[in-house]
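Q: Here's a structure for you.
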Amino acid sequence: MKHQVTLIPGDGIGPEVAGAARACIDATGVSIEWTLHDAGEGAIPKYGSPLPDSLLESIRKNKVALKGPITTPIGKGIRSVNVALRHALDLYACVRPVKLYPGVPARYENVDLVIVRENSEDLYAGIEYDDGTPEVKELIAWVKAHGGKTIRPDAAISLKPISTTASERVIRYAFEYAVKHGRKKVTAVHKANIMKFTDGLFLEVARRVAAQYEGKVEFEDRLVDNMCMQLVQKPETFDVLVLPNLYGDILSDLCAGLIGGLGLAPGANIGDEVALFEPVHGSAPKYAGQNKVNPVATILSGVLMLEHLGEAKAAQRLEKAVADVLKEGKSVTYDLKPRNDPSSVGTKQMADAIIAKLKG
Ligand code: NAD
C-alpha cells in the first residue's frame, strides 16, 4: 500500500535534514507519496501566511507529516509556526525517545527514556499581554482587586492555563505508551509546591490516572528542579517522563545532551487524528546550507513515522542502519567527532552511509 505523507522541509538546516530523512525512508522500500509544503517566514510571500491553509488541509487529509525545523524570530515578529501547527491539529502529546546508541561520544553508558510532553497549553498557550497595553493594565487592576497581589505597572504578562482535560489525556497517553512499549515506570514532573493550582492540578490528575494502572505501571513524581539534577546524575533510573509543556521543552534539550546532543534526538507530535514527526532541534540558522549538521534526529523521527504507519520491519531496519553507522563512528558529522576532527563527513554523506547499510 502506498502511504500519503505531507513533507514540510522547514527552513535553516531543515531542508538538508528533511531531504536526508526522506532519502533514507525511501531507501527502506516503503512506498510513500510525499506532498511537499512550505511553512514559516518563507511561506509568507507566496501564501500570505506562515501557516498556509493548504498545508493544514494536506496534513488533515494525509493524517501523517514529516517536518524539518522552522525558525521563530525571538521577541517581536511572527509567533511560532511549530506551536501553531500543534494547536491547529490538536497534537496533544509530544513523544521524544531519548536513547543512547553505542559508539556515540557521551558521558553516560545507559540512557533509554521517553519524554511525553503536554503540547497544547501551559505558558505555550500563547496568551500574552504586552507591557503598557490597556489589556495588561486591566489585568493588573483585576488581579489587585481579586486577592490583593501587586504586579508592577511596567510588566508584561503570560498566562499559564493547565486544565484537567489536557492533563488527563496526555498523562493517560503516557501510561498507555508505557503499557504498549513494555516500559515499567511513569514519572510525573511538576512544581506543585509553588504553583499549587496549575502544577498541583497536573499532579493530582497524574495520581488519579496512575491509580488506574496500579500493578501494571509504577508511578512516581518529581519536582522539576530536582528532576534536572537527577537526570544528570542517574538518567538510567528513569523510564517514561510526563510533563507540562514548558518543562517538557526544557528537559527535552537537557535529555538530548545526555545522549550525544540535539543531532540525535527525534520526536513525534501525536493527536487522535493526525501525527507529525520532527526532530527536537531547531533550524540552527548558522549552519544552514553548509551540508554540516547531523541528519540522525530527523531520520530517527522517520523511524517513529514508519512505526506509526505500521511499517515495523522497515522501521527496525532503518534504526539498525543508523545504529551501525553510529557504532562504526566513521561516516558521522562533526558533532560526533572530537573538535576540529577533519574526518567528519557532511549531512548528505552520513545519510548515504546509512542508506548503504540499509542496502548492504
Ligand atoms: P537549535 O536547535 O536550532 O540549535 C542549537 C544548537 O544545537 C546549534 O547551534 C547546533 O550547535 C546544535 N544543533 C542543532 N541541531 C543540530 C543537528 N542536527 N546536528 C548537529 N548539531 C545541531 O536551537 P536554537 O538555535 O535555539 O534555535 C534556532 C531556531 O530554531 C529558532 O528560531 C527556534 O525558534 C527554532 N526552533 C524550531 C523548532 C522546531 O521547528 N520544532 C524547535 C526548536 C527551535
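Just so it is clear: in the sequence shown, position 311 is 312 by our numbering, and no numbers are missing. Yeah, the Cβ is synthetic: ideal placement off N, Cα and C, and Gly gets one too.
Taking 8 Å as the cut-off, is the C-beta of I75 nearer than that to any heavy atom in the ligand NAD?
A: Mapped onto the sequence shown, residue 75 falls at position 74. Result yes, Cβ under 8 Å from the ligand NAD.
Q: For the alpha helix (DSSP H) that contains A266, what are its first and last residues?
A: Taking the first residue of the sequence shown as position 1, residue 266 is located at position 265. Note, A266: premise wrong, no alpha helix (DSSP H); not H, not E.
Q: With contact counted as at least three CB pairs below 8 Å, one residue from each stretch, are the region 105 to 113 and the region 127 to 141 in contact?
A: Taking 8 Å as the limit for Cβ pairs, the verdict is that the region 127 to 141 does not touch the region 105 to 113.
Q: Cβ-heavy atom distance between S332 and the ligand NAD below 8 Å?
A: The residue labelled residue 332 in the question sits at position 331 within the sequence shown. Every heavy atom of the ligand NAD is 8 Å or more from the Cβ of S332, so no.
Q: By the 10 Å Cβ neighbour count, where 16 or more other Cβ atoms means buried, how is A146 classified, buried or exposed?
A: As a first step, residue 146 is located in the sequence shown; it is residue number 145 there, counting from the start. Its Cβ having fewer than 16 others within 10 Å, A146 is exposed.
Q: Straight-line CA distance for Q203 to I71?
A: Position 202 of the sequence shown, counted from the start, is the residue given in the question as residue 203. Position 70 of the sequence shown, counted from the start, is the residue given in the question as residue 71. With the sequence shown as reference, residue 203 is identified as Phe, and Gln is not the correct amino acid for it. Approximately 30 Å, taken between the alpha carbons.
Q: What beta strand (DSSP E) runs, 3 residues minimum, are completely inside the region 102 to 162?
A: Entirely contained in the region 102 to 162, the beta strand (DSSP E) runs reaching 3 residues are, in chain order, 113 to 119.
Q: Can you give me the C-alpha to C-alpha distance between S32 and L56, rounded to a whole angstrom?
A: Along the sequence shown, one-based indexing puts residue 32 at 31. Along the sequence shown, one-based indexing puts residue 56 at 55. If I take the Cα positions, the gap works out to 21 Å.
Q: Using the rule of at least 16 other Cβ atoms within 10 Å of the residue's Cβ for burial, across every protein chain shown, is L301 buried or exposed?
A: In the sequence shown, counting from the first residue as 1, residue 301 sits at position 300. By the 10 Å Cβ count, L301 comes out buried.
Q: Do G330 and G41 come within 9 Å of each other at the CB atom, strictly closer than that value?
A: On the sequence shown, position 40 is the one that residue 41 refers to. On the sequence shown, position 329 is the one that residue 330 refers to. Cβ distance not < 9 Å, so G41 and G330 don't count as in contact.
Q: When you compare the CB positions of L232 and L259, do they come within less than 9 Å of one another, or not?
A: Working through the sequence shown from its first residue, we reach residue 232 at position 231. Working through the sequence shown from its first residue, we reach residue 259 at position 258. Their beta carbons are under 9 Å apart, which means L232 touches L259 by this criterion.
Q: Taking any heavy atom of the ligand NAD as the mark, which residues have a C-beta closer than 5 Å to it, listed down the chain?
A: Every residue passing the under-5 Å Cβ criterion appears here: P70, I71, T72, T73, N83, L263, G264, H282, G283, S284, A285, V294, N295 and D336.
Q: Just the C-alpha distance for L319 and K3, rounded to the nearest angstrom, thanks.
A: Sequence index remark: in the sequence shown, residue 319 carries index 318 (1-based). Sequence index remark: in the sequence shown, residue 3 carries index 2 (1-based). When rounded, the distance between both Cα atoms is 18 Å.
Q: In three-state DSSP terms, what is A189?
A: Residue mapping note: residue 189 aligns to position 188 of the sequence shown, counting from 1. Reduced to three states, the DSSP call for A189 is strand.
Q: Excluding sequence positions up to five away, which residues of its chain have a Cβ less than 6 Å from the Cβ of E169?
A: In the sequence shown, counting from the first residue as 1, residue 169 sits at position 168. Excluding positions up to five away in sequence, the list reads V206.
Q: Might you give, ordered along the chain, the residues of its own chain that have their beta carbon closer than 8 Å to the beta carbon of L275, omitting 5 neighbours on each side?
A: The residue you call residue 275 lines up with position 274 of the sequence shown. Per the sequence presented here, residue 275 reads as Val, with Leu not at that position. Taken in chain order, the residues that qualify are I60, R61, K64, V65, A66, L90, D91 and L92.
Q: In the DSSP assignment, find the unbroken alpha helix (DSSP H) run with F203 in it and report its ends.
A: Taking the sequence shown and counting its residues from 1, the one referred to as residue 203 is at position 202. That run of the alpha helix (DSSP H) goes T199 to A212.
Q: Assign V294 to buried or exposed, taking buried as 16 or more other Cβ atoms, counted over all protein chains shown, within 10 Å of its Cβ.
A: Position 293 of the sequence shown holds residue 294. Buried, because 16 or more other Cβ atoms sit within 10 Å of the Cβ of V294.
Q: In angstroms with no decimal places, state the Cα-to-Cα distance between K185 and I172.
A: Looking up residue 185 in the sequence shown gives position 184. Looking up residue 172 in the sequence shown gives position 171. When rounded, the distance between both Cα atoms is 15 Å.
Q: What distance in whole Å lies between the Cβ atoms of V84 and G127, which are believed to be in contact at a cut-off of 8 Å?
A: In the sequence shown, residue 127 corresponds to position 126, counting from 1. In the sequence shown, residue 84 corresponds to position 83, counting from 1. Confirmed, about 7 Å.
Q: Mind checking H182: buried by the 16 CB within 10 Å criterion, or exposed?
A: In the sequence shown, the residue the question calls residue 182 occupies position 181. Answer is exposed; the Cβ neighbour count stays below 16.
Q: Are the Cβ atoms of L244 and I116 separated by less than 9 Å?
A: The residue you call residue 244 lines up with position 243 of the sequence shown. The residue you call residue 116 lines up with position 115 of the sequence shown. Yes, Cβ-Cβ distance for L244 and I116 is below 9 Å.
Q: How long is the line joining the alpha carbons of N292 and P267, rounded to whole angstroms?
A: As a first step, residue 292 must be located in the sequence shown, where it is residue number 291. As a first step, residue 267 must be located in the sequence shown, where it is residue number 266. For N292 and P267, the distance between alpha carbons rounds to 19 Å.
Q: So, helix, strand or coil for F176, using DSSP?
A: Taking the first residue of the sequence shown as 1, we reach residue 176 at position 175. Three-state result, F176: helix.
Q: Give the straight-line distance between the Cα atoms of G303 and A21, rounded to the nearest whole angstrom.
A: Looking up residue 303 in the sequence shown gives position 302. Looking up residue 21 in the sequence shown gives position 20. Near 10 Å, if we compare the C-alpha coordinates of A21 and G303.
Q: Could you name each continuous alpha helix (DSSP H) segment of 4 residues or more that falls completely within the region 299 to 329, going from the start of the chain to the end?
A: With a minimum length of 4 residues, the continuous alpha helix (DSSP H) runs that stay inside the region 299 to 329 are 313 to 329.
Q: Could you tell me how far apart the beta carbons of D222 and A189 are, in whole angstroms, since I believe they sit closer than 8 Å?
A: For the purposes of this step, residue 222 is identified with residue 221 of the sequence shown, where counting begins at 1. For the purposes of this step, residue 189 is identified with residue 188 of the sequence shown, where counting begins at 1. About 4 Å separates the two Cβ atoms, so the contact holds.
Q: Can you find the residues in the same chain that come closer than 6 Å, C-beta to C-beta, to A157, ignoring five residues on each side of it along the sequence?
A: Reading the sequence shown from its first residue, position 156 is the one you call residue 157. So the qualifying residues of the chain are D131 and D132.
Q: Exposed or buried, which one is E237 when buried takes at least 16 other CB atoms within 10 Å?
A: Counting from one through the sequence shown, the residue named residue 237 turns up at place 236. Result: exposed.
Q: Rounded to a whole number of angstroms, what is the C-alpha to C-alpha distance between L359 and V333?
A: Within the sequence shown, the letter at position 358 stands for residue 359. Within the sequence shown, the letter at position 332 stands for residue 333. If you take the alpha carbons of L359 and V333, they lie about 16 Å apart.
Q: Which residue or residues does DSSP assign as beta-bridge partners of D222?
A: Working through the sequence shown from its first residue, we reach residue 222 at position 221. BP columns for D222 point to A189.
Q: Using DSSP with H/G/I as helix, E/B as strand and the rest coil, what is R61?
A: Position 60 of the sequence shown, counted from the first residue, corresponds to residue 61. Helix, per DSSP.
Q: Quick check on the burial criterion: 16 or more other C-beta atoms within 10 angstroms. Buried or exposed for D123?
A: Here residue 123 refers to the residue found at position 122 when the sequence shown is read from its first residue. Per the 10 Å Cβ criterion, buried.
Q: Tell me the rounded alpha-carbon separation between C1 and E136.
A: Nothing in the structure corresponds to residue 1, since the chain is present only between 2 and 361.
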